[in-house]
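Line by line, the protein sequences are chains A and B. With positions in the first sequence counted from 1, the corresponding number in this note's numbering is that position plus 186. With positions in the second sequence counted from 1, the corresponding number in this note's numbering is that position plus 186. All residues carry an ideal CB built from backbone N, CA and C; glycine is no exception.
2 protein chains.
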Amino acid sequence: MTVLPDWLQQRAALTPDRLALMAGGERWSFQELDERVTHATHTLKAQGIGEGDRVALLLKNGAPFVTLTHALSRAGAVIVPLNTRLTPAEIQWQLTDVHAGRLLYDEAHTSTAHAAPGVESLLATAVTRINPQSPRFASNLSIHFPLASPHSILYTSGTTGHPKGAVLTFGNHWWSAVGSALNLGLHENDRWLVCLPLFHVGGLAILLRSVIYGITAEVHEAFDPLAVNRAIDEGVTIVSVVSVMLRRMLEARGDQPYPPTLRCVLLGGGPAPRDLLETCAQCGVPVAQTYGLTEAASQVATLAPEDALRKLGSAGKPLFPTELRIERDEGEVGEIVIRGPTLTSGYVDQPEATAQVWRDGWFHTGDLGYLDEEGYLYVLDRRADLIISGGENVYPAEVEAALLAHPAVEETGVVGAPDERWGQVPVAFVKLRAAVSESDLKQFCAERLARYKIPARIQWVESLPRNAAGKLLRRALREWVDSQSAS
Amino acid sequence: MTVLPDWLQQRAALTPDRLALMAGGERWSFQELDERVTHATHTLKAQGIGEGDRVALLLKNGAPFVTLTHALSRAGAVIVPLNTRLTPAEIQWQLTDVHAGRLLYDEAHTSTAHAAPGVESLLATAVTRINPQSPRFASNLSIHFPLASPHSILYTSGTTGHPKGAVLTFGNHWWSAVGSALNLGLHENDRWLVCLPLFHVGGLAILLRSVIYGITAEVHEAFDPLAVNRAIDEGVTIVSVVSVMLRRMLEARGDQPYPPTLRCVLLGGGPAPRDLLETCAQCGVPVAQTYGLTEAASQVATLAPEDALRKLGSAGKPLFPTELRIERDEGEVGEIVIRGPTLTSGYVDQPEATAQVWRDGWFHTGDLGYLDEEGYLYVLDRRADLIISGGENVYPAEVEAALLAHPAVEETGVVGAPDERWGQVPVAFVKLRAAVSESDLKQFCAERLARYKIPARIQWVESLPRNAAGKLLRRALREWVDSQSAS
């Protein structure tokens, strides 16, 4: 089993003076980051956090998130980043599901953390507020990362009403970073901008690439198109975004071209609108569309820069260590299945869900796509049912479960509707058993769901389309929604 | 255990049209290389070469070497590249030692191959001459490389009179390639020039990096300073050389500066002369001095480009996956010991030699060095006893063994003497028991040793310096030689 030296420790030993992190007003070299992480590691250990503990993070983007991520690995703990938009009830559910020993949160999330039902009794003294002002501390540790050990647990797709925790090892993240570099290249002056949430794999991966590659991660607290454009003018070479963000960047930019130092706009979060890609091609914005999965530690396939124009709309080819094929029944379109060392071995405490995705040695993504005659991947549906709203995954079954909790709701089906601003928004079809107003039902959801998951519209229906086995036919609902939008 | 798709097959699927190889008049894309390798694989299999066979190569640098290297991996065979300067007797010894099932040789080496004593009876019908003109052939295989499986066996250092075969796995080579990229970066337009012999790890590694990175390998049949300089003008970005080659390149170049596209001259083969490094610094030649070992699948430590001037004479810091420390008795200088996933697990059929280098989980290089206050490695002796002549390793014990085979020789000790052209040449101290002339003794060696191993001078002595246990003190001989050179 391959064992590597602690990535940050090794990086700080190799290139101590290179710029590691830009976040808020901070600019830390790898040595400075390492010293802060060493200090944080001592603090965490003094609080009893150790080998194998699962520690949840409820933190906004920023230097404390970066510091704690590396410190938890150094302490031997497994990182469970929580979506900061979750409600207290959702947080409580995830903490229980993952058997989290601790919840680390920052000042911005104090009230949310404490409002999580049962979180105090669950975590006892473990709810810990992190002071972001860690003094510098000399490193004197010698830590190793076995690639087979779990690094983090990231919650993702659930078709059964609740998300599942995908266990990602150090090896999964390592191979993902190496596979990305073998595709996009690795330049000494690279600076990778993170304006995605760090609790998403697409954000977290950039922090790990930074230490593995020895390049700067520039972390923005939130997405601000003007700030991103300014950062690009000031030396950012790669930025990871979703379509809705890229559109706003271009709108804010106007006619001013991006500098040639910007070498890659890594565009994830589901298939991109064709007009957006065409605009980028016209303006010379170096877009690399990517198809990623939490379970694959981010990128699965990415369009190489050299093919950006020729293969507009494609997610390209798999990363070097990854194999990809289409499992077809008939026609060219089928389920995208993959294998390789970036893939999770499974979900926490969910052997059945794990067995469902891992069949015959291949990971079944549930996503539909096809390969063209040259082997380029085109993704048709991010998942058959998944709604992506402003880059956030919304799982219809989860929204349906919240609606069904209301006594007046008899049946419901949720699908995504096209939306100019967010790409998609959830729309609910509801069959009532008693009277309730749309606003009351939305308010009911707001107590249970993050804001982006709340249905944008509710459509009252007499019945829902179901197949012979009684399974809800979401596809029929989507067709209805699409016909409404088109008309 | 991690398994990757066949590297060349995957690379050809990902970037079929990129230029893979320039060799002689050939320019092959990855797809063309893959097709030729597929054809060669079928040919090899038809000749009975298969899983786990150890197949020796006696080939000059060129496209057939590249094709066969990839084809043998694809056929499941283990590559044993032979030094083309070996005598028939040496070849015969290595073939026996490695239990080679086959010897593949080209036209240039027909007579050597057939002159190897016993090679016909040893290999029976297995001696195969390779036709370099393989037609194109469509690939339709799906091969995988388990990283733990042996890829090649490379012969290296013996202090006991004969070299040892270091087993290098696919994983060793993979991690070496990745570690090198994480240090030197990876640019889409990279072209790496090989003018070192491909049977050396420093040459072979470039062929593997080419397919892993998706960059061009330009292979020269032999080192010609004018041809290398011309290739650099025509787009080579990285070139691997030893000091004696670099000096000749600079002499041939005169005042004309190298183009900025040349981003790295990877300088291996032992500590470089200070004046050479200073000349390069003055002329802006981007030298990256490296410390490598066959057993580590090439680079162990390499000076990052950013430190080239500040740390003149240093071999830099270890590759990212590699750990390095100095095992000291007293003072700052000690034995360089390393660990990490690039390292061989051991030597063919030599458990004692393996146990001697692998102690307490660290690989003991036998090389002396020290780390400065910032952790930069300075290598003092390539090995305590090793002679490096024109980039070739000469093992004193092997030369001594050849001399001792002569009936007139009673005792002998061989050390390196400084030489302006070759860096070092072997010098023998001989105590006779009967009369023999220097030229006769050299002729005797020429029948047993490659030309570069034959002592340049023979010094007759009455006795040899030995320690209390009777062990030859080569250090004392070296001091004597050094004092002679200085005077």
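Check whether chain B comes within 8 Å of residue i, counting only Cβ atoms and requiring the distance to be less than that.
i, result
"P507/A", "yes"
"P446/A", "no"
"A501/A", "no"
"L190/A", "yes"
"T346/A", "Because T346/A carries a pLDDT of 45, less than 50, the predicted location of this residue cannot be relied on, and the following value inherits that uncertainty. With 8 Å as the cut-off, T346/A does not count as an interface residue toward chain B."
How would you list, in chain order, the residues of chain A whose beta-carbon sits under 8 Å from the beta-carbon of residue i?
i, result
"I398/B", "L368 and F506"
"R490/B", "First, the amino acid is wrong: residue 490/B is Ala here, not Arg. Here the neighbours are L200 and T201."
Flag residue i as yes if its beta-carbon sits less than 8 Å from any beta-carbon of chain A, otherwise no.
i, result
"G561/B", "yes"
"V364/B", "yes"
"Q542/B", "no"
"T311/B", "Low confidence applies to T311/B: its pLDDT is 44, below 50, so where it sits in the model is not reliable enough to give any reading."
What are the boundary residues of the alpha helix (DSSP H) that includes residue i?
i, result
"H300/B", "T296 to A301"
"T341/A", "Checking the sequence, you will find Tyr at residue 341/A rather than Thr. Unbroken run through Y341/A is the beta strand (DSSP E), P336 to T342; no alpha helix (DSSP H)."
"D553/A", "First-last for D553/A: W548 to L557, but that is the beta strand (DSSP E), not the alpha helix (DSSP H)."
"R434/A", "S429 to R439"
"R260/A", "A249 to R260"
"N375/A", "Neither: N375/A is in no alpha helix (DSSP H) and is coded neither H nor E."
"K246/A", "Looking at the DSSP string, K246/A is not in any alpha helix (DSSP H), and its letter there is neither H nor E."
"L219/B", "F216 to A232"
"D283/B", "P274 to V284"
"A588/B", "P582 to L590"
"A198/B", "W193 to L200"
Show which residues of chain A have a CB atom less than 9 Å away from the CB atom of residue i.
i, result
"A275/B", "In chain order: nothing, as chain A lies at least about 40 Å away."
"H373/B", "G371, L372 and H373"
"Q217/B", "Simply none; closest approach about 11 Å."
Comparing alpha-carbon positions, which option in the options lies nearest residue i?
i, options, result
"Q280/B", "Y638/B, R240/B, L589/B and P336/B", "R240/B"
"F549/B", "E407/B, R643/B, R525/B and E293/B", "R525/B"
"V471/A", "V427/A, A482/A, Y477/A and R607/A", "V427/A"
"E584/B", "Q536/B, I640/B, P593/B and V534/B", "I640/B"
"A413/A", "L432/A, T402/A and G400/A", "L432/A"
"T480/A", "H256/A, A209/A, Q195/A and L340/A", "L340/A"
"A249/A", "M208/A, H285/A, L289/A and D441/A", "M208/A"
"L589/B", "Y562/B, L572/B and D626/B", "D626/B"
"A487/A", "K497/A, D493/A and A501/A", "A501/A"
"H406/A", "Y399/A, L393/A and I398/A", "L393/A"
"P267/B", "A591/B, T227/B, T476/B and T342/B", "T342/B"
Could you check where the beta strand (DSSP E) with residue i kicks off and where it finishes?
i, result
"K617/A", "G609 to L618"
"N415/B", "Run containing N415/B: none in the beta strand (DSSP E); it sits in the alpha helix (DSSP H), P411 to D419."
"T480/A", "Per DSSP, T480/A belongs to no beta strand (DSSP E) and is neither H nor E."
"C381/B", "Segment: none, C381/B is in no beta strand (DSSP E) and carries neither H nor E."
"Q645/A", "R643 to W646"
"E404/A", "T402 to V405"
"A391/A", "Looking at the DSSP string, A391/A is not in any beta strand (DSSP E); the run it does join, the alpha helix (DSSP H), is V387 to Y399."
"S531/B", "Unbroken run through S531/B: none, as it is neither H nor E."
"S625/A", "Careful: S625/A lies outside any beta strand (DSSP E), inside the alpha helix (DSSP H) at E624 to A632."
Which residues in chain C have a C-beta closer than 7 Å to the C-beta of residue i? List them in chain order.
i, result
"Q196/A", "Note that chain C does not occur in the displayed structure, where the protein chains are A and B."
Closer than 7 Å by beta-carbon distance: list the chain A residues that pair up with residue i, in chain order.
i, result
"P527/B", "T188"
Three or more C-beta pairs closer than 8 Å, one from the segment 538 to 548 of chain A and one from the segment 221 to 238 of chain B: is that the case here? no
If we count Cβ pairs, one from each stretch, closer than 8 Å, do we get three or more for the segment 242 to 257 of chain A versus the segment 372 to 387 of chain A? Contact holds: three or more Cβ-Cβ distances are below 8 Å.
Does the contact criterion of 3 or more C-beta pairs under 8 Å hold for the segment 354 to 374 of chain A versus the segment 360 to 380 of chain B? yes
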